[in-house]
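Colleague: First, the structure itself, so that you have it in front of you.
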Amino acid sequence: MTCRRCPQCGTGNESETALGYSHGEWLLKQCAACDFVYLENPPAYEELETDLAWERVGRKERQDRVYQRSPVRSMASRTVRMLRSHLAVRANPLLRRVERWFPAGPVVDIGCGRGAKLASLPERFELVGIEISRDLAREARQRLASRGGVVHQMPAIEGLEKAPARSLAGIVANAFLEHEIRPRELLQAAARALSPSGAMIVKVPNYACVNRRVMGAGWCGFRFPGHVNYFTPGSLRRMVKASGMEVAEFRWVDRIPTSDNMWMVVRRSP
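Here it is in structure tokens:
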């Protein structure tokens, strides 16, 4: 299996010892040059279409792994996630950011899943989904048909390259960038496709959060082999800047250390 170089700085870390958070054959490395944490041996894109599609292995892998380590903690964590999910539906942090930052026009949801997030957007948006899983892409097409939505079943970078330059009002990367084998290249593709008034909403797990330090290998952000990048507030800023984008919004409340996730809004640099 090919050893992936650090997606942040390009350094090869084959000789570095894998982190204790690694699981089975899946090796987490911390870059010796820039400290970025990433999965060194991620599956190929083709495997993510079917055999290792997220809906087949992602959530079940994490639940089984955490339950084996600590059944009581696993059940408590599941209860907390259910409560958070209920509150998130009521608050809808994604829609709030979409309403504030996206002008009318085409919106792309990267890793659109079954299309539920896209389907919830207001009528002023043209809906485009990108989804690598064949089964999920088929379901998303059915869900979005009444809105005239389009779903591309392919890797995310290829999907973004289909959009004309400076054409997109918005890009949603909600719980996606941690899955992308080439995150910097994806952000560069997003910068090319965004209109001057457009924006991109990014939500990723926060590797620097308190819960990861407390839970250790049982942290909910560790999901193998789906999560291949582990961002901190600093590393996310650096990758965005290196890709030709700039941070439009990244408040303290968007990256609270007690939260497992962080939100960022970015725009193309002038």
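Remember, the working numbering sits 121 above the position in the sequence shown when you count from 1. The beta carbon of each residue, even a glycine, is placed where N, CA and C say it ideally should be. Note that the structure is a prediction, hence the values are computed from the model and not measured.
1) Please go through the same chain and pick out, in chain order, the residues whose beta-carbon is closer than 6 Å to the beta-carbon of C152, but skip the five residues on each side of it.
2) According to DSSP, which residues form a beta bridge with V228?
3) Expressed to the nearest angstrom, what Euclidean distance is found between the alpha-carbon atoms of E279 and L315?
4) List the whole-angstrom C-beta distance separating K150 from E168, where the pair is believed to meet the contact cut-off of C-beta under 8 Å.
5) Is the beta carbon of V229 less than 9 Å from the beta carbon of I251?
6) Excluding the 5 residues flanking E282 on each side, which residues of the same chain have their C-beta closer than 7 Å to its C-beta?
7) Roughly how many angstroms separate the alpha carbons of Y188 and G339, rounded to a whole number?
8) Classify E146: buried if its beta carbon has 16 or more other beta carbons within 10 angstroms, exposed otherwise.
9) Along the chain, where does the alpha helix (DSSP H) containing G319 start, and where does it finish?
10) Look at A240 and L257 and say whether their C-beta atoms are less than 9 Å apart.
11) Just to confirm, are M385 and I292 a CB contact at a threshold of 9 Å?
12) Shortest alpha-carbon distance to P317 belongs to which of L242, R334, F352 and P391?
Modeller: Walking through what the data contain:
1) On the sequence shown, position 31 is the one that residue 152 refers to. Cβ within range, chain order: C127, T132 and N134.
2) Stepping through the sequence shown from its first residue, residue 228 is reached at position 107. L248 and G291, per the DSSP bridge assignment.
3) Residue mapping note: residue 279 aligns to position 158 of the sequence shown, counting from 1. Residue mapping note: residue 315 aligns to position 194 of the sequence shown, counting from 1. One C-alpha to the other measures close to 15 Å.
4) By 1-based counting over the sequence shown, the position of residue 150 is 29. By 1-based counting over the sequence shown, the position of residue 168 is 47. Wrong, their Cβ atoms sit about 20 Å apart, outside the cutoff.
5) Within the sequence shown, residue 229 is the residue found at index 108, counting from 1. Within the sequence shown, residue 251 is the residue found at index 130, counting from 1. Result yes, Cβ atoms of V229 and I251 sit closer than 9 Å.
6) Here residue 282 refers to the residue found at position 161 of the sequence shown. Only A310 meet the Cβ criterion.
7) Position 67 of the sequence shown, counting from 1, holds the residue named residue 188. Position 218 of the sequence shown, counting from 1, holds the residue named residue 339. Reliability fails at Y188, whose pLDDT of 44 lies under 50, so the model's placement of it is uncertain and the value that follows must be treated cautiously. Between Y188 and G339, the C-alpha separation is close to 9 Å.
8) For the purposes of this step, residue 146 is taken as the residue at position 25 of the sequence shown. Result: exposed.
9) Position 198 of the sequence shown, counting from 1, holds the residue named residue 319. Looking at the DSSP string, G319 is not in any alpha helix (DSSP H); the run it does join, the beta strand (DSSP E), is L315 to P326.
10) Taking the first residue of the sequence shown as position 1, residue 240 is located at position 119. Taking the first residue of the sequence shown as position 1, residue 257 is located at position 136. It is not a contact, given that the beta carbons lie outside the stated cut-off.
11) Translated into positions along the sequence shown, residue 385 becomes position 264. Translated into positions along the sequence shown, residue 292 becomes position 171. Going by C-beta atoms, M385 is not nearer than 9 Å to I292.
12) In the sequence shown, residue 317 corresponds to position 196, counting from 1. It is P391 whose Cα lies nearest to the Cα of P317.
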